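Worksheet for the structure shown next.
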Amino acid sequence: MAETESKAKVTAEATVETAAPAEAVALETPQASRRLVVCAYPGTGEQLSKVWNKMTGEDPLVLTVLKDTPLTDTLAETVADPEISDTFILVPANCVPCSPISYDGLKGPFVFVDVAGSRHYSDRLPVFFSKEALVEVLSEDLKDDESLMKAYYKQNLHRPIEGGFRFGNLVTPVYRANPCENLVIEAFVRKKFVTASPEGYKAIAHLVDEYLLG
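Our numbering numbers the first residue of the sequence shown as 17 and each following residue consecutively.
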């Protein structure tokens, strides 16, 4: 009897030792809790993270991208990241919020309209994504980012809010390396977002510090 009890004790201890590492791994598995993903050109991530955190109260996940990084690559990366929740907001590079805005307020959906009246669906404005719906669109044979985003909007985001540089208060784009600072400051006061190319953002970074983070 004593020998049987001894064997049972050894077996139980071995089971506990075997289970402990598995439990530890489970505790270390990242939770899918990040729901704001902000893309940033090299060297701009820290500042963008600060301004997005200030304006939304969210802790953004910042992804560094290059000017020519395809949006499809970025979206595939977000789908595969277990830390990002099943529904999330993606902010393309480099988009700056000009005033406080809630997470629900970022869902829009938004579309940029140029001076000729053409709609641009992949033009740096925040987009609300569902991973499940996104996988479906990514599996289609679409030739470029604009085609992909237009298909996603058509299937999932109906009747988007339209805005352009010359009308509405949605966005002011900054694409040049020497923008008019007064127009940028006016945008910080009136518009919801300022979007910028790498050259444009470099030119307005000091204004972001002074007027949005100061």
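Every residue gets a Cβ at the ideal spot worked out from N, C-alpha and C, and that includes glycine.
Every value quoted in this text rests on a predicted model; they were computed, and no experiment measured them.
Given a threshold of 16 other Cβ atoms within 10 Å of its Cβ, counted over all protein chains shown, does residue i qualify as buried or as exposed?
{"i": "Glu44", "result": "At Glu44 the pLDDT is 43, less than 50, meaning the model places this residue with poor confidence and gives no usable figure here."}
{"i": "Ala40", "result": "Model confidence at Ala40 stands at a pLDDT of 35, short of 50, so the residue's coordinates are unreliable and nothing is read from them."}
{"i": "Pro195", "result": "buried"}
{"i": "Thr80", "result": "exposed"}
{"i": "Asp139", "result": "buried"}
{"i": "Pro98", "result": "exposed"}
{"i": "Asn110", "result": "buried"}
{"i": "Lys207", "result": "buried"}
{"i": "Tyr191", "result": "exposed"}
{"i": "Asp160", "result": "exposed"}
{"i": "Gly61", "result": "buried"}
{"i": "Val240", "result": "Missing from the structure shown is residue 240; the chain here goes from 17 to 230 and no further."}
{"i": "Pro46", "result": "Only weak support is given to the placement of Pro46: the predicted model assigns it a pLDDT of 47, under 50, and the value that follows is read from those uncertain coordinates. Flag for Pro46 reads exposed."}
{"i": "Val5", "result": "This structure does not reach residue 5, given that the chain is present from 17 up to 230, and the question cannot be answered."}
{"i": "Val112", "result": "buried"}
{"i": "Tyr217", "result": "buried"}
Kindly identify the DSSP beta-bridge partner or partners of residue i.
{"i": "Phe145", "result": "Phe104"}
{"i": "Ala167", "result": "According to DSSP, which records beta bridges pairwise, Ala167 is partnered with nothing at all."}
{"i": "Leu79", "result": "Cys55"}
{"i": "Ile177", "result": "Phe126"}
{"i": "Pro98", "result": "Pro98 is not bridged to any residue."}
{"i": "Val190", "result": "Ala212"}
{"i": "Cys196", "result": "Answer is none; Cys196 lacks a bridge partner."}
{"i": "His136", "result": "Phe128"}
{"i": "Pro116", "result": "Pro116 is not bridged to any residue."}
{"i": "Arg182", "result": "Its beta-bridge partners do not exist; DSSP assigns none."}
{"i": "Arg50", "result": "Ile100"}
Quick one, which of the options has its alpha-carbon nearest residue i's?
{"i": "Pro58", "options": "Leu52, Asp75, Lys83", "result": "Lys83"}
{"i": "Pro142", "options": "Ala167, Leu228, Ile177", "result": "Ile177"}
{"i": "Leu150", "options": "Phe209, Thr188, Tyr137, Met165", "result": "Met165"}
{"i": "Glu152", "options": "Arg182, Val95, Leu186", "result": "Val95"}
{"i": "Ala193", "options": "Asn172, Ala219, Leu186", "result": "Ala219"}
{"i": "Pro108", "options": "Leu158, Val67, His222, Ala56", "result": "Ala56"}
{"i": "Ala92", "options": "Phe209, Lys170, Leu173, Leu154", "result": "Leu154"}
{"i": "Gly184", "options": "Leu52, Phe209, Leu158", "result": "Phe209"}
{"i": "Leu223", "options": "Ile105, Cys114, Leu52", "result": "Cys114"}
{"i": "Phe104", "options": "Leu186, Leu173, Arg51, His174", "result": "Arg51"}
{"i": "Glu162", "options": "Lys170, His136, Arg182", "result": "His136"}
{"i": "Arg182", "options": "Gly133, Asn69, Gln171", "result": "Gly133"}
Next on the checklist: Quick check: the stretch 82 to 90 against the stretch 112 to 126, are at least 3 beta-carbon pairs closer than 8 Å?
Outcome noted: no
Checklist entry - How do the stretch 209 to 217 and the stretch 144 to 164 stand: do at least 3 beta-carbon pairs fall below 8 Å, yes or no? => result no
Item to check | contact_flag[the stretch 100 to 119, the stretch 62 to 75] where n(CB pairs < 8 Å) is 3 or more | outcome: yes
Checklist entry - Are at least three pairs of beta-carbons, each pair with one atom in the stretch 185 to 205 and one in the stretch 217 to 228, less than 8 Å apart? => result yes
Checklist entry - Would you say the stretch 126 to 138 touches the stretch 177 to 188, given that touching needs at least three Cβ pairs under 8 Å? => result yes
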